[in-house]
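Numbering-wise (the numbering used here), the sequence shown opens with residue -11 and increments by one. Yeah, the Cβ is synthetic: ideal placement off N, Cα and C, and Gly gets one too. Let me begin by presenting the structure, written as structure tokens, before commenting on it.
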Amino acid sequence: MADLRVRLAGLDLPNPILAASGVYGFGREFAKLYPPSAPGAIMAKGVTLEPSAGNLTPRIAEAPAGMLNSIGLENPGVDAFIRRELPWMKSQGARVIANISGHSVGEYEEISRRLSEAEGLDAIEVNISCPNLDHGGLVFGTDPAIAAEVTARVRKHCHVPLIVKLSPNVTDITAIAKAVAAEGADALSLINTLLGMAIDVKARKPVLARQVGGLSGPAIKPVALRMVWETARAVDLPIIGMGGILSAEDAVEFFLAGAHAVAIGSGNLIRPYIIPEIIEGLGRWLDQEGYASVNDIRRL
């Protein structure tokens, strides 16, 4: 049987199939189906400094080959995550990557400071796809200088591997990748959702309460692959690829593009057992193709 183990920015993972932040929550619902230790790691639902109720509804809409969401970072806050969710996830044998979001550089720094005191955390993923209220709503991940500042401020407190999640809503994703790499990012994850919209023609108004939302699912896979491929050639950092992965073959495409691991997001809504299915399918594909390890197929 092919070896699925990977080393990612100092993390030793049993396989390279991760649960992406968002749909998977903190793993409690999926624990009824299979062990939370099955994914290589769980990238936990994003947390903010204070609890957030998220956006008004409707905040999810179907789209061709995907879905739009405008959840608005609904979460219990970082303190509740540290007190309640992290200990439970670790008790289940999960490898836990905390995903953090903020609306100011100070918020990111304070969240990372609090997480630095938490026991059992395996890594931090910084979501820089949030609007920066200190700069008129400009999204952190669209400006190299601001993205670099967030990374540097989080790095001061982060004693575990630091992953920065890149936004695809930019002209040149490699400029952002280089900026955060220079300030101490240990790994990158990409891509986040693409900005999109749906309109109800009968009501003659946008479907989502906030008009626009993030597009995910198979529709964005070609964009995600291209951006992973570009980024892998621009920076010497491990990459977690994501965007529309529904099969082992989809995952293989990302490895060939340069990813060290992949994460499954909206696919969990289509097939709740998709993560263990892809783990098994990846091992079978490697065996059939004559590879001893998943690491042998990266950037062929």
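Through-space distance from residue j to residue i, alpha-carbon basis
i, j, result
"residue 207", "residue 1", "28 Å"
"residue 26", "residue 52", "30 Å"
"residue 95", "residue 177", "21 Å"
"residue 50", "residue 234", "17 Å"
"residue 273", "residue 54", "26 Å"
"residue -7", "residue 285", "13 Å"
"residue 255", "residue 129", "24 Å"
"residue 166", "residue 48", "33 Å"
"residue 270", "residue 263", "11 Å"
"residue 259", "residue 29", "19 Å"
"residue 217", "residue 162", "10 Å"
"residue 104", "residue 146", "6 Å"
"residue 224", "residue 164", "14 Å"
"residue 101", "residue 68", "15 Å"
"residue 142", "residue 76", "25 Å"
"residue 111", "residue 277", "32 Å"
"residue 109", "residue 93", "22 Å"
"residue 133", "residue 185", "28 Å"
"residue 246", "residue 190", "44 Å"
"residue 78", "residue 213", "32 Å"
With 16 other Cβ atoms within 10 Å as the buried cut-off, status of residue i
i, result
"residue 200", "exposed"
"residue 261", "exposed"
"residue 192", "exposed"
"residue 56", "buried"
"residue 45", "exposed"
"residue 144", "exposed"
"residue 220", "buried"
"residue 160", "exposed"
"residue 72", "exposed"
Contacting residues, own chain, Cβ-Cβ under 8 Å from residue i (five flanking each side not counted)
i, result
"residue 80", "15, 19, 23, 24, 25"
"residue 211", "156, 179, 182, 231"
"residue 21", "260, 261"
"residue 244", "285, 286, 287, 288"
Beta-carbon proximity list for residue i, same chain, < 7 Å, skipping 5 on both sides
i, result
"residue 106", "70, 74"
"residue 62", "40, 41, 42"
"residue -4", "175, 226, 248, 249"
"residue 31", "6, 7, 8, 9, 85, 87, 113, 251"
"residue 279", "-10, 285"
"residue 11", "253, 254, 256, 257"
Close beta carbons around residue i, own chain, < 6 Å, minus the five adjacent residues each side
i, result
"residue 188", "195"
"residue 275", "-10"
"residue -2", "149"
"residue 228", "177, 249, 251"
Under 9 Å between C-beta atoms of residue i and residue j
i, j, result
"residue 294", "residue 151", "Absent from the structure is residue 294, since the part of the chain shown begins at -11 and ends at 288."
"residue 99", "residue 37", "yes"
"residue 33", "residue 13", "yes"
"residue 138", "residue 154", "no"
"residue 140", "residue 171", "yes"
"residue 202", "residue 89", "no"
| field | Complete runs of the alpha helix (DSSP H) confined to the region 26 to 85 [at least 4 residues] | value | 74 to 79
| task | Quick one: which unbroken alpha helix (DSSP H) runs of 4-plus residues sit fully inside the region 160 to 240? Chain order, please. | result | 161 to 170, 209 to 222
| Runs of beta strand (DSSP E) lying entirely within the region 107 to 156, each at least 3 residues, in chain order | 111 to 115, 150 to 153
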